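A short write-up of the structure that comes next.
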Amino acid sequence: MLHPASSWDWQPGERVVLDSTGCPAPHEWQEEPYVAPDGETFGAAVRLEDGLFTMCVNGVPWEASFDKLWHPRFGPDGRLIAIVQQDGEWTLAVNGEVWPETYAFMWTPLFSLDGAVIATAIQQDGRYGLCVDGTPWDTLYENANEFSLSRDGQASAAVVQTQSLAAADIAAFQRGVFSVAVNGQVWDKTFVNAWTPTFDAAGQRVAAQVRLSLYDYSIAVDGELWKQNYACVWEPRFNPASGAVVAPVRIAGSWGLAQDGQIIWEPVFAQCWQQDFSRDGKTIGAIVATGYGKFTVAVNAKPWSATFPVVTDLVLSADGKRAAALANEYNANWRVVVDGQAWNGLFDMAWKPVFSPDGLHVAAKVEKRNRQTVLLDGKPYKRDFEQVWEPSFSPDGAKVLIRARDGGKYLRIVAQATDF
Amino acid sequence: MHEIYNLVTGPLAWLAWGIFIVGSIYRLAIMYILAKKKDAPSLAYMSWGFSLRSIINWLIPFNALGWRRNPLMTVATFAFHICLVVAPIFLLAHVALWDQFFGITYPVLDEKVTDIMTMIVVAACLIFAARRIFQKEVRYVSGFQDWLILVIAVLPFATGLLAYYQLGNYQVMIVLHILSGEIMLAAIPFTRLSHMLFSVFTRSYMGSEFGGVRRVKDW
Amino acid sequence: MGIKDRLIEDVGLREGVKRLTEDKIEQVVQTVLKGETGARLAAYSEICMRCGLCSEACHFYLSHDGDPSYSPVGKVQQTMAVLLKKKGRVSPDFIYGMAQIAYTECNLCRRCVHFCPVGIDTGYIMSTVRRICHKLGVTPQYIQDTAHSHSATFNQMWVKEDEWTDSLQWQEDEAREEFPGLRIPLDKEGADIYYSVIAPEPKFRTQLIYQAAAIMNAAGADWTMPSEPGWDNSDMCMFTGDFEMMGRLKRKHFESAQKLKVKRIVMGECGHAFRSVYDMGNRWVAWKMYPVPVIHSIEFFWELMKQGKIKLAKKYPGPVTVHDPCNVVRGRGHHEKLRELVRFLVDGPIIETASNREHNICCTAGGGVINCGPPFKNVRLDGSKAKAEELRATGVKTIVAPCHNCHGGLEDTVHRYKLDMHIKFLGDIIYECMEKPS
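Read top to bottom, the protein sequences are chains Z, H and W.
First residue of the first sequence: 3, per the numbering used here; consecutive thereafter.
First residue of the second sequence: 1093, per the numbering used here; consecutive thereafter.
First residue of the third sequence: 14, per the numbering used here; consecutive thereafter.
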C-alpha cells in the first residue's frame, strides 16, 4: 500500500481542509464532489467557461482539460481518476495525467486492493475487453461484461462473447457462445451464459456462475464445472483460507449454500446471497430470507431471529465473531443491524457498516431529513452535516475518520468514542 | 317402500351430511396446507378489507362489468343461488323434519314463496342448460362434469316440485327427492360444486391483489 | 374451431417441438405442476364453472366475431385443462398450438378478471402455460431472442455497455444545445431519483431519453442514471416463462439502484416493466414489494404537475383520447392521475373509448405478444379490431398512450384499420408544450 491508513493523520480533532468547496477557477458548473480515503483531498468535476471539463482538486484545477469527463473517483491509495475524452478518443486521467493509450470507449474502472493497479473496460474497433494500467488485453472480443480484477491487480477477468451471433439466432445462442477470459485468455469451455467471475485471494483462480442450458445452472472454476447442476445459482466466492468455492444454489424452489458442489447450508431459504467469510474462512455469513418477504442474515446457516422486508450490505468482522447489515422497509426506515440487534433509530438512508480492524466497533454513515452523520456503535456523532462520506477506523480501532461537507466548507474530523 | 324411505332419511342422510361436512373440511384443510406450502407469495397479500370489498361488490347484481355485460346470466345466477340456498332451508316440510328428528324449530317461509323459489331454481337450470347448448362460447367449454353438476343441482328441486304437486308416484318421488338432495350434498366437496367452498377464497385473493397491490377494483 | 386451424410457422416453436417426445413433455409438465404450482392453480381449475362469462372480456374473442376458441376459458380449455386432464402426456404438436395460444393470443391483460364471478386469474394460468413452454424449450423465436439478450447483457436489445453510456452522453450533448447546462448525471450516489428506461430507448428511441432529460432539467430534479448494467427495467423473461432470469434481472436492477443509494426509481413510460417490478419479478426474489419504490412516469409527471414543476408555454391541441395501459392501470390504478395530467396538458376534452380506465381493452401488443415478432403480426392486428373500433368511435386524432408496447401496438393498429390517428407519449406532449429557453 502506497498510502496505508497507518500513515494518515490520526490527530484527534476537526480540521477545515477547504474553506470553500466551490472551485475558484471560473466555471459554468461544478459537479458532485468526491474525497480521498485519507480525507485530505476534495475533488469535483467542473465545466470551465471554454466548455471543457477538468477536475478541481482542493481548489486547484488540473492543468489539462477535456472535451468530456465522467466517473471521477478516488482510488484506495488516494489517486484521483476520471474517464476523459479528447479529440473523440477516451482514456483515463490519473491525478491529471492521462494514459498514453486511448480507446473508442472506456468505462468501469477497477482498483486493486491497494489502488496501485487500475483496470478499465474498453472498446476499440468494436472489440471489447479490459486494459490494465492502460495496456489492453492481447485479445479483445465481440462483447465483454462482468469485469473483475484480482486483489493484487495482477489478473483481470471478464465474461466474453466468443463468436458473433446473427440477429435472433436463438439456436446458436443456446449452443453457448459465452465464456470467461482471464487476462484476455478465454477458457476452453463455452456456456449459454456466464456471470460474476471472481478471483481467489491470491488472484490465481477464477470462479463464475454459468448457465449450461436455459435451465441448468452451475459454477465453473478455472473453466471446470461443478458436478452438480442447480435450478439457479448466485455469485460464487472463494473461501480466503481454504480456497474452496462457495455459492448460493437453488434446489426445489429453495436456496442454500454449496461448497465445491456439496451442500453446506441446507436449501431452506426463500433467498440466499452475498455470502461473506471471516478472515480464517471458518465463518460464513449471508443475506437470507427465512420466508417470503422475510429477510435477515444467517451466520453459519443460523439466521438471526429478527427479519425485515429488505436486507442489504452484509459485512462480517475479520474474526468472524460479529456481523452487521442494513435493513429497510422498501427503501424507507433504514436500520443498522449488528449481531441480529437493530440499533436505535430509523433513517432515510444508511450506508454499509464498517468494522474496526479488531472487530470491537462498528461505524456507519446515515441520513435523516437531508442531514448526514456517522454512527459509532449505535450512537450518532455529536453533530450532523450536509454530507459525510463513509467512515473509516484508525488501525488501532480507537478513532474514526469523518469526512464531511457543510456550510460550504470541507472538514476532516478524527473523532474518538467520546465524540459520539 | 317404507324401508327405502327409512334408509334415505336415516343412514343415507347421515352419510350424505357426513360426506358433505367431513369432506368439505378435508378439502379446505388440504387446500390450505397446499397453499401454505406452495403459494406463500399469494397468501402474503391476503387482506380482510380488500377481500370483503371484492366479495360485497360481486354480490351486488349488475355491479361488476361481467354482470352488466350478461344481464340474463346475472339474473339467472343470482336468482338461482339465492333460491337454491334459501328455499330448502326455510321450506315448511324441511323445517318439520328438523323438528321431527332433532326438535329444532325456526321460522318458515310461506309455501307459496318456497314453491316459486323452487321453480326459479329449475328455470335457472334450464337457462344454464340452454346456454350450454345454444351459446357457442359456453358449448365450446362444456363437458361431462358441467352437465353432471347441472343435473345434480336440478334434481332435488325438480323432484321436490313433482312431489309437492303429487305428480307421479308420491312415494317414489319423495324418495328420489331425498336421495337426489343427498347426492348433491355429498357431491359438493368432490365436484365442481366445490366452488361453494373455494370461491370465497379465490374471490378474496383476487380482491386482495387488486385492492392491496394493484390498487384498482376487480369488478 | 381452435388453434389447429390457425397454426403459424415460427422457427422457435418448430425447432422446439422437434426436440420433444411425449415422455419428455410429461416429465416437464409434471415437474412444473408439482414443483411450482399449488392451491391457486388447483382451485382455479376445479371451480371454473365453464360459464363463459369471461368471453366478452377478451379482445381476441371480440375481434374474431365471437370465436369461442379465443375466449379466456376457451384458451384454458385448449391448454392447461388438457395438461391437467392428461397429466402432461400430450403430443409435441399439441405443445406447438399451446405455445402459440399462450404467447400470441393472450396479452395477460387480465381484463377477464372483471368478468369472472369466482375470481379466476386466467393471466396466471396462461403465465403458467408459458412457464411450461419455456421449460419445454418451445418459445417464439423473437421473444426468446430478447430473453437471451437479457441474460447476456441485462438489457433486452443486446445494447453493449459502451453503447449505453455513449447514448446517454450523446443525448446530453444534444440536449445541452437546447437547454444550456443540462446534465444527465451518471452514477450520482444519493440522488432522489434513479431514472430507468428500457433498451429500445438507447437503441432507437433516443428522443425519449432526450425528453426525459429535458423534463428532469426543467423540474430541477435531483436525478441520476446508472452507467452500468441494471439500467434496463424491462423483462421479457417474465413473459417467456424464464422466471429464473426474471429474478436475476430484478436483482440486478434493484441492486443497481440500492448501490447508488437513491430514494426511488422513476421509470419511463413502460407498462410490462412495471408489472415486473411490483407484481412478478420481485416475488420470485422473495421481496414482497419492490425493495426500492418504482414510480411510473404517469405518477411522476402527475407529481411534477401538482408541485407546479411543469411549466407549459402552450397546451397541446385536443380533443384526445386516452389509452389505459393494462399494467399501469389495471395493474396499479394510475387511470385518474393519467386523466388529470392529460387535462392539464391538453386544450380540449378527453373523449373516452367505450371501455376505459380499469376496464380498458388491451392494445393487443402487451404481454410479450408484440415481441413475438413478424410471424405473429397479423394475429396481433386481427386481435386488435375491437380496440380499433373503440378508437375509431372517439373520432379524435390523438391517442395518449403512456406505454412503449401500447405505443408500438397502436401504431400498427392505426395503420391497419386506417384510423388516421397519431399516438403520443406523455413525455412527447410535455416536451412539446413546456417552456423552453428561447
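No residue lacks a Cβ here, since even glycine has one placed at the ideal position from N, Cα and C.
Quick caveat, the model's predicted, so the values are computed rather than measured.
Z:S158 is the residue among Z:E144, Z:Y143, Z:D127 and Z:S158 whose C-alpha sits nearest the C-alpha of Z:P111. Sorting W:P105, W:I16 and W:H428 by C-alpha distance to the C-alpha of W:I38 places W:P105 at the top. For Z:Q88, the CB contacts under 7 Å within the same chain, skipping 5 residues up- and downstream, are F68 and D69 in chain order.
When secondary structure is reduced to three states using DSSP, W:D175 falls in the helix class. Residues of the stretch 1099–1128 of chain H whose Cβ lies closer than 9 Å to any Cβ of chain Z: none. The beta-carbon distance between Z:A160 and Z:E144, rounded to whole angstroms, is 12 Å. This is too long to meet the 8 Å contact definition. Between W:G421 and W:I374, the C-beta gap is not smaller than 7 Å, which leaves the two residues out of contact. Taking 7 Å as the cut-off, the Cβ atoms of W:K100 and W:F167 do not count as close. For the options Z:L151, Z:G117 and Z:L348, the alpha carbon positioned closest to that of Z:G131 is the one of Z:L151. Excluding residues up to 5 positions away in sequence, M1209 lie with their Cβ nearer than 7 Å to the Cβ of H:V1178 in the same chain. Taking 7 Å as the CB threshold, Z:T141 stays off the interface with chain W. In the structure shown, Z:E226 adopts extended strand secondary structure according to DSSP, grouped into three states.
Annotated three-state conformation of W:M238 is strand, per DSSP. At a beta-carbon threshold of 9 Å, the residues of chain W lying near Z:P311 are W300, K301, M302 and P304, ordered along the chain. In the structure shown, the three-state DSSP call for Z:G245 is coil.
The beta carbon of H:P1163 sits no closer than 7 Å to any beta carbon of chain Z.
The way I'd put it, the stretch 1263–1282 of chain H does touch the stretch 1104–1114 of chain H; three or more beta-carbon pairs between them come closer than 8 Å. Taking 4 residues as the minimum length, the alpha helix (DSSP H) runs contained wholly in the stretch 101–154 of chain W are 105–117 and 135–149, in order along the chain.
The three-state secondary structure of W:C61, taken from DSSP, is coil. Close CB contacts of W:P213 within its chain, under the 7 Å cut and outside five residues either way in sequence, are with M170 and H417 (chain order). Less than 7 Å separates the beta-carbon of W:M238 from that of W:I197. Residue-level contact check: Z:G258 does not touch chain H, since none of the beta carbons of chain H fall below 7 Å from its beta carbon. Among the residues facing chain H, W:S68 is included, as its CB has a counterpart in that chain under 7 Å away. Among the bridge pairs identified by DSSP, W:S209 is matched with W:M280. With the rule of 3 Cβ pairs closer than 8 Å, the stretch 20–29 of chain W does not count as touching the stretch 1150–1158 of chain H.
With a beta-carbon spacing of about 11 Å, W:L351 and W:M318 fall beyond the 8 Å limit used to define contacts. Per DSSP, Z:H29 lies in no alpha helix (DSSP H) segment; the continuous beta strand (DSSP E) that holds it begins and ends at H29 to V37. Taking the CA atoms as reference points, H:W1311 sits about 11 Å from H:G1303.
Of all residues in the stretch 116–134 of chain W, only V126, H127, F128, C129, P130, V131, G132, I133 and D134 place a beta-carbon less than 7 Å from a beta-carbon of chain H. Annotation: W:I21 to W:T334 spans about 34 Å, alpha carbon to alpha carbon. Check the Cα spacing between Z:A121 and each of Z:G24, Z:G77, Z:A243 and Z:Q163: the tightest is with Z:G77.
Listed in chain order, the positions of the stretch 1215–1245 of chain H with a beta carbon within less than 9 Å of a beta carbon of chain W are F1220, R1223, R1224, Q1227, K1228, E1229, V1230, R1231, Y1232, V1233, S1234, G1235, Q1237, D1238 and I1241.
Closer than 7 Å to the CB of W:G422 there is not a single CB belonging to chain H.
Within chain W, the residues placing a beta-carbon under 7 Å from that of Z:C234 are E257, ordered along the chain. Within chain Z, the residues whose beta carbon sits less than 8 Å from that of W:E241 are W109 and T110, listed in sequence order. Listed in chain order, the non-local C-beta contacts of W:L75 below 6 Å within the same chain comprise A399, local neighbours out to five positions each way being set aside.
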